[in-house]
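Single-structure report; data block below.
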Amino acid sequence: MRIFSGIQPTGRKHLGNYIGAIRGYLDGQERGDPAVYCIVDLHATSVAYEPTALPAYVLDTAAMLMAAGLDPERCVLFRQSDVAEHSELCWLLASVTAYGDLQRMHQFKEKSAREQELVRTSLFLYPVLQAADILLYKTDEVPVGDDQRQHVELAREIARRFNATYGEVLVEPEHVIPTSGARIMDLQEPEAKMSTTGGTEQGRIYIDDEPGAIVKKVKRAQTDSGSEIARAREKAGISNLIEVYAVARGVAPEEVEREFGGQGYGAFKQAVGEAIADLLAPVRERYRELRADESELERTLAAGADRAREIAVPVMDEVHEAMGLGRSVRHPR
Ligand code: AQP
27 MRIFSGIQPT GRKHLGNYIG AIRGYLDGQE RGDPAVYCIV DLHATSVAYE
77 PTALPAYVLD TAAMLMAAGL DPERCVLFRQ SDVAEHSELC WLLASVTAYG
127 DLQRMHQFKE KSAREQELVR TSLFLYPVLQ AADILLYKTD EVPVGDDQRQ
177 HVELAREIAR RFNATYGEVL VEPEHVIPTS GARIMDLQEP EAKMSTTGGT
227 EQGRIYIDDE PGAIVKKVKR AQTDSGSEIA RAREKAGISN LIEVYAVARG
277 VAPEEVEREF GGQGYGAFKQ AVGEAIADLL APVRERYREL RADESELERT
327 LAAGADRARE IAVPVMDEVH EAMGLGRSVR HPR
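If you use this note's numbering, the sequence shown corresponds to residues 27 to 359, in order.
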């Protein structure tokens, strides 16, 4: 079972990333043969970014993943730009990607609308690079949050079209989206997902936030004027808090509704804040230790890239052969 997922080095990761994706990586680490996790710095260049800050963000993300429980001995953890086959396969897969499919991608529509100066072609091609990331490892399963559903479906379509055009080489991946916590919402704008580039600063809980800051943000979370602790379509704020609390304490949302029935929003928000702080505290503490040793982090990523290449290079050879391309620079004559 090959498991693959990518995460952007966009600075501090948030509760949505942790609950929606990183928890699934830990499960994948147990089942993967091996599980492959990639810090996708090439994707980060698809919107305006600071080149001098990017290397440190990669290390932040690597330390955060390890603090959350990824063990580079038991999975493959690496930086995308260290393995050139990702960019190469992106170009090759563009030959089996319909322009119209890319125009339909929600993420492109949302992010291109937010760009101030330049809408980069790389933002348009983002889902093709993501398909390359996944297909390069002949991935069976991709643990992701709900916002990535459309992109993984496109990766399946690209694999199908590649195989139909050039012969059976690539594997059609399945997305693995958690049954609860797949879409954590912004605390201030609960109709929108908690997001690094969108949403609000006060509506976003960072994995390394101090416990006091977490409780404060949750207490100020946007909720309706009612007082009943119950999920409902028109109660997006309270529904989100019920879901988060349920995940943080490992119980069903119905149980949360029963436990807090009749208690009012104030007491519930306090409990949710504390539950999130408890959930994240061990990760935050471990993160500090790991982040302090930059050379060890660099060594870990370099070793991970070597292991990633061992899987990726033979797949690229198959792709080259199927497409009638020359022997690549990986095998000089
Ligand atoms: N709100 C969320 N709830 C559940 N899962 C989420 N993910 C992201 N937001 C939520 C999942 O986190 C993984 C990594 O996402 P990424 O690589 O896109 O990282 P990011 O760019 O820092 O996260 P954002 O918030 O998604 O950034 P924006 O909105 O700026 O693009 C993915 O598996 C994702 O599904």
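Cβ coordinates follow ideal geometry from the N, Cα and C atoms, glycine included. Model, not experiment: these values are computed from the prediction.
* Unbroken stretches of the beta strand (DSSP E), 3 residues or longer, contained in the segment 110-171 -> Segments of the beta strand (DSSP E) lying fully in the segment 110-171: 167-169.
* Asked: Are the Cβ atoms of residue 63 and residue 91 separated by less than 8 Å?
  -> Residue 63 sits at position 37 when you count from the first residue of the sequence shown. Residue 91 sits at position 65 when you count from the first residue of the sequence shown. The answer is yes: Cβ separation under 8 Å.
* To do: Starting from residue 240, follow the alpha helix (DSSP H) in both directions and report where the run begins and ends.
  => In the sequence shown, residue 240 corresponds to position 214, counting from 1. First-last of the alpha helix (DSSP H) with residue 240: 237-245.
* To do: Kindly indicate which three-state DSSP category residue 213 falls into: helix, strand or coil?
  => As a first step, residue 213 must be located in the sequence shown, where it is residue number 187. Looking at residue 213 - three-state DSSP - the assignment turns out to be coil, as it is neither helix nor strand.
* For residue 174, is the classification buried or exposed, using 16 other Cβ atoms within 10 angstroms of its Cβ as the cut-off for buried? -> Stepping through the sequence shown from its first residue, residue 174 is reached at position 148. Burial check for residue 174: the Cβ neighbour count within 10 Å reaches 16 or more, so the residue is buried.
* **Cβ-Cβ distance between residue 44 and residue 94 below 8 Å** => Here residue 44 refers to the residue found at position 18 when the sequence shown is read from its first residue. Here residue 94 refers to the residue found at position 68 when the sequence shown is read from its first residue. Contact: yes.
* Asked: Would you say the segment 33-49 touches the segment 64-72, given that touching needs at least three Cβ pairs under 8 Å?
  -> Segment contact: the segment 33-49 against the segment 64-72, three or more CB-CB distances shorter than 8 Å; contact assigned.
* Which class does residue 219 belong to by DSSP, given the choice of helix, strand or coil? -> In the sequence shown, counting from the first residue as 1, residue 219 sits at position 193. Of the three classes helix, strand and coil, the one that applies to residue 219 here is strand, per DSSP.
* Asked: With distances taken between CB atoms, is the gap from residue 248 to residue 214 smaller than 8 Å?
  -> In the sequence shown, the residue the question calls residue 248 occupies position 222. In the sequence shown, the residue the question calls residue 214 occupies position 188. The answer is yes: Cβ separation under 8 Å.
* What does a CB cutoff of less than 6 Å around residue 232 pick up in its chain, not counting 5 residues either side in sequence? -> Taking the first residue of the sequence shown as 1, we reach residue 232 at position 206. When the five nearest sequence neighbours on each side are left out, the beta carbons in the same chain lying within less than 6 Å of the beta carbon of residue 232 are those of 38 and 40, in order along the chain.
* So, do the segment 97-114 and the segment 52-60 have three or more beta carbon pairs nearer to each other than 8 Å? -> Verdict: yes, contact present.
* **Any 3 or more C-beta pairs closer than 8 Å across the segment 157-168 and the segment 333-352** => Note that the segment 157-168 touches the segment 333-352; at least 3 beta-carbon pairs, one per stretch, sit closer than 8 Å.
* Does the Cβ of residue 34 lie closer than 7 Å to at least one heavy atom of the ligand AQP? -> As a working mapping, residue 34 is identified with position 8 in the sequence shown. Checking the Cβ of residue 34 against the ligand AQP gives yes.
* Asked: By a C-beta neighbour count over all protein chains shown, 10 Å radius and 16 as the cutoff for buried, is residue 304 buried or exposed?
  -> In the sequence shown, residue 304 corresponds to position 278, counting from 1. Burial call: exposed.
* To do: Return the residue from the list 242, 311 and 153 that minimises the CA-CA distance to residue 125.
  => The residue given as residue 125 occupies position 99 in the sequence shown. Scanning 242, 311 and 153 for the CA closest to the CA of residue 125 turns up 153.
* **Sub-8 Å separation of residue 72 and residue 149 beta-carbons** => If you number the sequence shown from 1, residue 72 lands on position 46. If you number the sequence shown from 1, residue 149 lands on position 123. Their beta carbons are under 8 Å apart, which means residue 72 touches residue 149 by this criterion.
* Asked: Quick one, which of 201, 340 and 140 has its alpha-carbon nearest residue 169's?
  -> Counting from 1 along the sequence shown, the entry for residue 169 is found at position 143. Distance check between residue 169 and each of 201, 340 and 140 places 201 closest, using alpha-carbon atoms only.
* To do: Measure the alpha-carbon distance for residue 268 versus residue 227 and round it to whole angstroms.
  => Numbered from its first residue, the sequence shown carries residue 268 at position 242. Numbered from its first residue, the sequence shown carries residue 227 at position 201. Cα to Cα, the separation comes out at about 21 Å.
* Report back the beta-carbon spacing between residue 307 and residue 237 to the nearest angstrom; my notes put them in contact at under 8 Å. => Residue mapping note: residue 307 aligns to position 281 of the sequence shown, counting from 1. Residue mapping note: residue 237 aligns to position 211 of the sequence shown, counting from 1. Contact between residue 307 and residue 237 is confirmed by a C-beta separation of about 6 Å, below the 8 Å threshold.
* Asked: Going by the C-beta, is residue 273 closer than 7 Å to any heavy atom of the ligand AQP?
  -> Numbered from its first residue, the sequence shown carries residue 273 at position 247. It does not: the Cβ of residue 273 is nowhere closer than 7 Å to a heavy atom of the ligand AQP.
* Is it the case that the Cβ atoms of residue 54 and residue 210 are separated by a distance below 8 Å? -> For the purposes of this step, residue 54 is identified with residue 28 of the sequence shown, where counting begins at 1. For the purposes of this step, residue 210 is identified with residue 184 of the sequence shown, where counting begins at 1. No.
* Asked: Is the CB-CB distance between residue 47 and residue 225 below 8 Å?
  -> Position 21 of the sequence shown holds residue 47. Position 199 of the sequence shown holds residue 225. Their beta carbons are not under 8 Å apart, which means residue 47 does not touch residue 225 by this criterion.
* To do: Determine contact between the segment 125-136 and the segment 177-190, defined as no fewer than three beta-carbon pairs at a distance below 8 Å.
  => The segment 125-136, when compared against the segment 177-190, does touch it at the 8 Å Cβ threshold.
* Check whether the Cβ of residue 106 lies closer than 7 Å to any heavy atom of the ligand AQP, and answer yes or no. => As a first step, residue 106 is located in the sequence shown; it is residue number 80 there, counting from the start. No, since every heavy atom of the ligand AQP falls outside the 7 Å radius drawn around the Cβ of residue 106.
* Other residues of its chain near residue 364: CB distance less than 6 Å, five sequence neighbours each side excluded -> Since the displayed the chain opens at 27 and closes at 359, residue 364 lies outside it and no answer follows.
* **Whether residue 273 touches residue 221 by CB criterion (8 Å)** => Here residue 273 corresponds to residue number 247 of the sequence shown, with the count starting at 1. Here residue 221 corresponds to residue number 195 of the sequence shown, with the count starting at 1. No, the pair does not count as a contact, with Cβ atoms beyond the cut-off.
* Supposed contact pair residue 271 and residue 297 - C-beta distance, whole angstroms, cut 8 Å -> As a working note, residue 297 is residue 271 in the sequence shown. As a working note, residue 271 is residue 245 in the sequence shown. Confirmed, about 7 Å.
* Asked: Do you know how far the Cα of residue 191 is from the Cα of residue 122?
  -> For the purposes of this step, residue 122 is taken as the residue at position 96 of the sequence shown. For the purposes of this step, residue 191 is taken as the residue at position 165 of the sequence shown. Straight-line Cα distance between these residues: approximately 8 Å.
* Within 8 Å, strictly: CB atoms of residue 338 and residue 195 -> Counting from one through the sequence shown, the residue named residue 338 turns up at place 312. Counting from one through the sequence shown, the residue named residue 195 turns up at place 169. In this structure, residue 195 does not lie closer than 8 Å to residue 338 by Cβ.
* Near residue 317, which residues of its chain fall below 6 Å by C-beta distance, leaving aside the five closest residues on each side in sequence? -> Your numbering for residue 317 matches position 291 in the sequence shown. Same-chain partners within the cutoff: 89.
* residue 32 lies in the alpha helix (DSSP H); which residues open and close that run? -> In the sequence shown, residue 32 corresponds to position 6, counting from 1. Run containing residue 32: none in the alpha helix (DSSP H); it sits in the beta strand (DSSP E), 29-33.
* Can you find a heavy atom of the ligand AQP that lies under 7 Å from the Cβ of residue 170? -> Here residue 170 refers to the residue found at position 144 of the sequence shown. Yes - the ligand AQP has a heavy atom lying nearer than 7 Å to the Cβ of residue 170.
* Asked: Count the other CB atoms within 10 Å of the CB of residue 165; is the residue buried (16 or more) or exposed (fewer)?
  -> On the sequence shown, position 139 is the one that residue 165 refers to. Counting every other CB atom within 10 Å of its CB across the protein chains shown gives residue 165 a total of 16 or more, marking it as buried.
* Asked: What residue does the beta strand (DSSP E) around residue 61 start on, and which one ends it?
  -> Taking the first residue of the sequence shown as position 1, residue 61 is located at position 35. Residue range 61-65 is occupied by the beta strand (DSSP E) that includes residue 61.
* Asked: In the DSSP assignment, what residue or residues form a beta bridge with residue 232?
  -> Here residue 232 refers to the residue found at position 206 when the sequence shown is read from its first residue. Bridge partners of residue 232: 40.
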